[in-house]
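Structure first, then comments.
Chains as they are written, first to last, in my numbering: chain A, 5 to 157; chain B, 16 to 264.
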């Protein structure tokens, strides 16, 4: 039951972000799907008790792969799909806690929260970059193989 | 004489494409790449371009003068990026001429592709509500988070069109969100202050600036990457300052 409403809500939330970022109308559905995939992976890892840093990395990794495949299919820039998708992974709660600790003059705690925010943001970024490099390598290999097949055949 | 006019038109066309891309929030390498591809398809094989978030320098070759395009403002408009991309694809594949492409780009510059404001507000409301639950909020808080999220986004849009200072608009919007969430809690309509605030603030999060900063840095565009990273950081700071101010009462 948890999974169903987590999936539906992350889908609607990400698609709404597609509207705010003015994604093309025919891609809104796919924007939502990308966000849902990323969030469900993140949620699955969190349920298993994995650290939020790795869960965010895995979510962002999947988002970038899905966005890359969709951008090839629609022949539109990849960021159309990935920008809205990463929004659910943004560590808003931790950033809020960091801010609240500063207001309460508890700088030690705020540094801890702040460091966590930076590490998670870094993990999201690393996920996006790794996936993109991987996809480029895969597609280059496919192109090479096709060229060789044409030469041979 | 006619040839020179034709060349000028082509260079205007490339610059306009680059400017529209940056204004809509595209990555720097995409703008450079698009301009160079368009140029080489029209026979400007030794063209060079240098793109930053605030301006474009484009040189079409040795004998031709170098041109500059200024970029005053940037928004997030993914559809415009997709349309410019489609026009440049058609130009490079030879489906349309430079004149046609320039006409289409000029028309695109004038059209407003954004969703109507009320649709954007509904989207802000639904995203606030959804993220409240995703971040372990309670269902009781959903209506207040949706209302506050939509009003906060409306204030952001209004302040932005009024003052043209993005960070001030974000600050006032998040200040309003914080105050409204506190009032809701005082009136006994909400359960968790922090979750309502986190959910309602979501529509203001600088998602595009973060992703673009990283992609630019990875592509080696350090000037643009650092500039955009700074933009994301300033936005985060503006939001945080607005919330912090309300919490300090």
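From the three backbone atoms N, C-alpha and C, an ideal C-beta is built for every residue, glycine too.
Computed from a predicted model, the values in this text were never measured in an experiment.
query                                                                                                                                                                : result
Who are the near neighbours of residue 47(B) in its chain, counting only those whose CB is closer than 6 Å to its CB and skipping five residues on each side?        : 64, 66
Does residue 9(A) pass the burial test, meaning 16 or more other C-beta atoms within 10 Å, or should it be called exposed?                                           : exposed
Of all the options 69(B), 78(B), 70(B), which has the alpha carbon lying nearest to the alpha carbon of residue 61(B)?                                               : 78(B)
Would you call residue 80(B) buried or exposed, if buried means 16 or more other Cβ atoms sit within 10 Å of its Cβ?                                                 : exposed
If we count the other Cβ atoms within 10 Å of its Cβ and call it buried at 16 or more, is residue 152(B) buried or exposed?                                          : buried
From 65(A), 46(A), 115(A), 140(A), pick the residue whose C-alpha is nearest to that of residue 14(A); which is it?                                                  : 46(A)
Straight-line CA distance for residue 125(B) to residue 154(B)?                                                                                                      : 43 Å
Helix or strand or just coil, what does DSSP make of residue 83(B)?                                                                                                  : strand
Keeping to the same chain, check which residues put their C-beta closer than 7 Å to that of residue 247(B); ignore five residues upstream and five downstream.       : 221, 224, 225, 228
Measuring CB to CB, does residue 94(B) end up less than 8 Å from residue 19(A)?                                                                                      : no
Can you list, in chain order, the residues of its chain whose CB lies under 7 Å from that of residue 49(A), leaving out five sequence neighbours each side?          : 58, 59, 62
Could you check where the alpha helix (DSSP H) with residue 107(B) kicks off and where it finishes?                                                                  : 93-107
What alpha helix (DSSP H) runs, 4 residues minimum, are completely inside the stretch 36-91 of chain B?                                                              : 43-56
Report all residues from its chain with a CB closer than 6 Å to the CB of residue 113(A); omit the five preceding and five following residues, and keep chain order. : 105
Can the beta-carbon of residue 143(A) be found less than 8 Å from the beta-carbon of residue 88(A)?                                                                  : no
Quick test of your reading: residue 111(B) and residue 105(B), contact by CB under 8 Å. State the CB separation rounded to the nearest angstrom.                     : 5 Å
For residue 261(B), is the classification buried or exposed, using 16 other Cβ atoms within 10 angstroms of its Cβ as the cut-off for buried?                        : buried
Quick one: give me the first and last residue of the alpha helix (DSSP H) that residue 133(A) is part of.                                                            : 111-156
I'd like to know whether the C-beta atoms of residue 115(B) and residue 39(B) end up nearer to each other than 8 Å.                                                  : no
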